[in-house]
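Undergrad: Residue 14 in the UniProt record's numbering sits at position 14 of the sequence shown; the count goes up by one each step and never skips.
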Amino acid sequence: MQRVLPKLVWWMNSFTRARGVDTLEPALLELPDGERVKKIVCSTALTFLLTESGKLFTLGANGYGQCGIGEEGVSVQPPTHVNIDGDEIVDIAAGYQHGLAVTKNGTVFSWGKGERGQLGFGTGNAEAPQELIALKGKKIAKVGAGFNHSCAVSEDGELYLWGKLLNPKGKTESNGDQITPRLVRTSDAVKLFKCSQFHTTFITADDKIWLAGRTPSGRQEKNDFAHVASQMHTTPLQITNEQVVRTKDIVKIGKGVDKSSFVTADGRAFEWNFESGIHPVKELADLKVKSLESGFHYRLLLAQPKK
């Protein structure tokens with residue numbers, strides 16, 4: 001999938017441009033009177049809107065029920081309210097074709113495509129939000145989602161992971177997929193985390209940086225084709241490098257495909273990849289960076305010139 005998806009995205013963009021399709025133009029989205037958006041998360045053809053009142057609205061592709069409205073269909077438009085029982089919603093996450101939400105009382109719900117265990121209750125799909133019973137009573141505070149894996153962090157800093165190839169028992173159980181949330185042993189409480197496409201990066205209270213999930217381990221270029229070997233880390237891999245950046249200075253983690261990014265309180269930007277480890281982003285040296293994310297061969301940042 002890492003090799004196919006860039007070409008698919010390129011083809012989709014070329015197709016829409018060639019036919020003058022206006023879907024890439026910004027458009028005003030209207031919500032019910034009084035609802036104000038406080039958080040937006042996006043995935044491939046999928047957008048979640050969390051309002052100040054704790055309600056969730058979704059729009060976009062819905063072939064696997066990933067909009068969470070109780071039925072499957074080609075797409076959902078305009079933004080539609082997702083019915084979730086319980087208190088107001090405090091956090092949301094969007095995977096490739098699945099979604100997560102956590103309520104004020106710490107209850108987690110998931111919906112959409114679940115064939116690799118990313119929903120946390122087996123391998124079936126769900127057209128509407130289902131409570132994740134395995135996390136009942138854990139008082140979850142934050143959730144995250146990658147391409148086909150998910151994570152949650154409790155108020156006490158406990159980290160739970162589930163989804164594709166995250167089972168430490170390997171393919172002897174559930175084809176290697178972790179189909180229910182698994183408590184990950186960490187050196188200390190988790191204070192920052194971010195799900196990338198295929199891995200999750202997190203920082204613990206003892207100022208160590210860790211990574212769990214799939215990462216490239218080698219790359220071979222040949223003509224227009226790149227073969228990327230990968231390695232699966234079902235237990236956390238420490239990637240701390242205090243000589244490059246002090247972990248306690250990091251205030252934000254950014255997602256990527258085969259990398260993660262880090263932003264410090266004073267606006268410096270760093271990235272990690274399998275080739276270079278943690279290193280400064282030299283192209284951004286003249287900017288005070290507030291946020292940095294990356295995708296397939298691109299970066300998206302919020303920054304301002306240094307004075």
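No residue lacks a Cβ here, since even glycine has one placed at the ideal position from N, Cα and C.
Please read these numbers as outputs of a predicted model, since none were measured by experiment.
(1) Quick one: what's got a C-beta closer than 6 Å to residue 317's C-beta in the same chain, skipping five residues either side?
(2) Could you give the distance in angstroms between the alpha-carbon of Ser43 and the alpha-carbon of Ala145?
(3) Thinking C-alpha only, which one of Leu211, Ser196 and Glu115 is nearest Ile179?
(4) Whole angstroms is fine: what's the gap from Leu166's alpha carbon to Asp33's?
(5) Which residues in the same chain as Pro168 place their Cβ atom closer than 6 Å to its Cβ, once the five residues preceding and following it in sequence are excluded?
(6) Taking the beta strand (DSSP E) that His81 falls in, what are its first and last residues?
(7) Which residues in the same chain as Met232 place their Cβ atom closer than 6 Å to its Cβ, once the five residues preceding and following it in sequence are excluded?
(8) The beta strand (DSSP E) spanning Ile203 covers which residue range?
(9) For Pro236, does the count of other Cβ atoms within 10 angstroms reach 16, so buried, or fall short, so exposed?
(10) How close, in whole Å, do the beta carbons of Pro78 and Phe109 come, if the pair is a contact with beta carbons under 8 Å?
(11) Strictly by DSSP, which residues pair up with Asp91?
(12) Just confirm the distance between the C-beta atoms of Ile40 and Thr51, as a whole number of angstroms; I'd bet it's less than 8 Å.
(13) Which partner residues does Asn125 have in the DSSP bridge list?
(14) Taking only the alpha-carbon atoms, compute the straight-line gap between Leu29 and Lys55 and give it to the nearest angstrom.
(15) Per DSSP, what are the beta-bridge partners of Cys151 in this structure?
(16) Roughly how many angstroms separate the alpha carbons of Ala61 and Trp111, rounded to a whole number?
(17) Taking the alpha-carbon of Ala134 as reference, which of Gly106, Gln238, Asn125 and Lys191 has the nearest alpha-carbon?
(18) So Leu284 and Ala265 are supposed to be a Cβ contact under 8 Å. How far apart are they, rounded?
(19) For Asn125, which option in Ser174, Arg268 and Gly65 has the closest C-alpha, if you only look at C-alpha atoms?
(20) Kindly indicate the opening and closing residues of the beta strand (DSSP E) around Cys42.
(21) Per DSSP, what are the beta-bridge partners of Leu166 in this structure?
(22) Would you say Gly254 and Lys194 are within 8 Å of each other, going by their C-beta atoms?
(23) Among Gly68, Val90, Val74 and Ile92, whose alpha-carbon lies nearest the alpha-carbon of His81?
(24) Pull up the CB-CB distance for residue 308 and Gly99, whole angstroms please, since I reckon it's below 8 Å.
(25) What are the boundary residues of the beta strand (DSSP E) that His279 is part of?
(26) Is Ser291 helix, strand or coil by DSSP?
(27) Who are the near neighbours of Ala94 in its chain, counting only those whose CB is closer than 7 Å to its CB and skipping five residues on each side?
(28) Report the option in Lys259, Glu242, Val74 and His199 whose CA atom is closest to the CA atom of Gly295.
TA: Well, looking at it:
(1) One cannot answer for residue 317 here, as it falls past the ends of the chain, which runs 1 to 307.
(2) Here the question's residue 43 lines up with position 43 in the sequence shown. Here the question's residue 145 lines up with position 145 in the sequence shown. Taking the straight line joining both Cα atoms gives about 10 Å.
(3) Looking up residue 179 in the sequence shown gives position 179. Nearest C-alpha to Ile179: Glu115.
(4) One-based indexing of the sequence shown puts residue 166 at position 166. One-based indexing of the sequence shown puts residue 33 at position 33. If I take the Cα positions, the gap works out to 43 Å.
(5) Sequence index remark: in the sequence shown, residue 168 carries index 168 (1-based). Here the set comprises Thr234.
(6) What you label residue 81 is simply residue 81 of the sequence shown in a count that begins at 1. Per DSSP, His81 belongs to the beta strand (DSSP E) from Gly73 to Val82.
(7) As a first step, residue 232 must be located in the sequence shown, where it is residue number 232. If we look at Met232 and ignore the five residues flanking it on each side, its Cβ neighbours are Leu165 and Arg214.
(8) One-based indexing of the sequence shown puts residue 203 at position 203. Start and end: His199 to Thr204.
(9) Within the sequence shown, numbered from 1, the residue matching residue 236 stands at position 236. Result: buried.
(10) Mapped onto the sequence shown, residue 78 falls at position 78. Mapped onto the sequence shown, residue 109 falls at position 109. Actually they are not in contact, since the Cβ atoms of Pro78 and Phe109 sit about 22 Å apart, beyond 8 Å.
(11) As a position in the sequence shown, residue 91 is number 91, starting the count at 1. Answer is Val102.
(12) Taking the first residue of the sequence shown as 1, we reach residue 40 at position 40. Taking the first residue of the sequence shown as 1, we reach residue 51 at position 51. The pair is not a contact, with the Cβ atoms about 11 Å apart (cut-off 8 Å).
(13) Along the sequence shown, read from residue 1 onward, the residue named residue 125 stands at position 125. Its beta-bridge partners do not exist; DSSP assigns none.
(14) Position 29 of the sequence shown holds residue 29. Position 55 of the sequence shown holds residue 55. Taking the straight line from one Cα to the other gives about 15 Å.
(15) For the purposes of this step, residue 151 is identified with residue 151 of the sequence shown, where counting begins at 1. Paired residue(s): Gly144 and Leu161.
(16) As a working note, residue 61 is residue 61 in the sequence shown. As a working note, residue 111 is residue 111 in the sequence shown. Going from the Cα of Ala61 to the Cα of Trp111 covers about 13 Å.
(17) As a first step, residue 134 is located in the sequence shown; it is residue number 134 there, counting from the start. Closest option to Ala134, Cα to Cα, is Gly106.
(18) Counting from 1 along the sequence shown, the entry for residue 284 is found at position 284. Counting from 1 along the sequence shown, the entry for residue 265 is found at position 265. Incorrect: roughly 15 Å between the Cβ atoms, too far for contact.
(19) Translated into the one-based positions of the sequence shown, residue 125 becomes position 125. When only C-alpha atoms are compared, the closest one is Gly65.
(20) In the sequence shown, residue 42 corresponds to position 42, counting from 1. Residues Val37 to Ser43.
(21) What you label residue 166 is simply residue 166 of the sequence shown in a count that begins at 1. Beta-bridge pairing links Leu166 to no other residue.
(22) Numbered from its first residue, the sequence shown carries residue 254 at position 254. Numbered from its first residue, the sequence shown carries residue 194 at position 194. A contact, by the Cβ cut-off of 8 Å.
(23) In the sequence shown, the residue the question calls residue 81 occupies position 81. It is Gly68 whose Cα lies nearest to the Cα of His81.
(24) Missing from the structure shown is residue 308; the chain here goes from 1 to 307 and no further.
(25) The residue you call residue 279 lines up with position 279 of the sequence shown. Counting along the chain, the beta strand (DSSP E) containing His279 begins and ends at Gly277 to Pro280.
(26) Against the sequence shown, residue 291 aligns to sequence position 291. Note: Ser291 maps to strand in three-state DSSP.
(27) Along the sequence shown, one-based indexing puts residue 94 at 94. Closer than 7 Å at Cβ, skipping near neighbours: Val41, Cys42, Ser43, Leu46, Phe48 and Ala145.
(28) Counted from its first residue, the sequence shown places residue 295 at position 295. Checked all of Lys259, Glu242, Val74 and His199; the closest Cα to Gly295 is Lys259.
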